[in-house]
Structure formats: structure tokens, C-alpha cells
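Novice: Numbering (our numbering), first residue to last: 95 to 224.
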């Protein structure tokens, strides 16, 4: 079961990376057209949804693989903690962006949320596995 969870986690990792790039591109395109559109909303929501799904997979994997025992400090504590913070920041940032009445402000805040959490994800991915 652990191996299957790791493979799923790695697969969703690549989906998240692709969706983050797509979201940044869509948000930047919408910026040129005045602020916000369906494509930017859909891509940002897809990114956030994948981040949420990945966090559930990661927590299940954390327990299934006994990562909480601390064999590897990075995989046991740093990676899960920082990634859960990134998921929270992503969802909170997008929720705040969607509450704005000015579409240009929505665009700026959504771009900051997606790009900022994408940077956190890139730094915290254990690139040596999968």
C-alpha cells in the first residue's frame, strides 16, 4: 500500500506543477484583458483542488509509512509542515482574491497566491524521490 501511495503522490505532484504553470499563464493572460476571466478562475481552482487532494494523500502516506517516527527529518517534519502551510496559504489567498470587487485586484492577489505557493512547493519537493 505504501508504494502505491508514494506513486500516487508523485503523480499528483506532476499534475500540481503543470496546473500551477497553467494557472500562472492563465492569470497573466487575463491581466492583459482587464483582470479576471473563466480560464483564470478555473486554472486557479484546479491548482488549489489538486493541492488539497495532495495534502490528503500526503497525510495518509505520512501515517501509513510511519514518517511521524522521524527517520528522515526532512520527509518526516519539514516537507509535510511546509506543504500544509502552502495549501492553507493557497486556499486563503484565493478566497481573499475572489472577494475583491476590482477584477484587477483579484488578478494580482490570485497571481500572488498561486505563484507564491508554487515557489514554496518547488523549494520543498523532495526531488530525489520518484
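Positions of the beta carbon are idealized from the N, C-alpha and C atoms, including for glycine.
(1) Can you tell which of 156, 196, 217 and 114 has the C-alpha that lies nearest to the C-alpha of residue 97?
(2) Taking three-plus beta-carbon pairs below 8 Å as touching, is the region 176-184 in contact with the region 139-146?
(3) Excluding the 5 residues flanking residue 102 on each side, which residues of the same chain have their C-beta closer than 7 Å to its C-beta?
(4) Between which residues of its own chain and residue 110 is the CB-CB distance below 8 Å, once the five residues before and five after are set aside?
(5) Which residues mark the beginning and the end of the alpha helix (DSSP H) in which residue 152 is found?
(6) Taking the alpha helix (DSSP H) that residue 106 falls in, what are its first and last residues?
(7) Quick check on DSSP: helix, strand or coil for residue 129?
(8) Considering only their Cβ atoms, is the gap separating residue 117 from residue 138 smaller than 7 Å?
Specialist: Well, looking at it:
(1) Counting from 1 along the chain shown, the entry for residue 97 is found at position 3. When only C-alpha atoms are compared, the closest one is 156.
(2) yes
(3) What you label residue 102 is simply residue 8 of the chain shown in a count that begins at 1. The residues are 151.
(4) Translated into the one-based positions of the chain shown, residue 110 becomes position 16. Contacts found: 141, 144, 145, 148 and 215.
(5) Within the chain shown, numbered from 1, the residue matching residue 152 stands at position 58. Residue 152 -> alpha helix (DSSP H) spans 132-158.
(6) Sequence index remark: in the chain shown, residue 106 carries index 12 (1-based). Counting along the chain, the alpha helix (DSSP H) containing residue 106 begins and ends at 96-126.
(7) To locate residue 129, count along the chain shown from 1; it is residue 35. Residue 129 falls in the coil class under three-state DSSP.
(8) Locating residue 138 in the chain shown gives position 44, counting from the first residue. Locating residue 117 in the chain shown gives position 23, counting from the first residue. For residue 138 and residue 117, yes; Cβs fall inside 7 Å.
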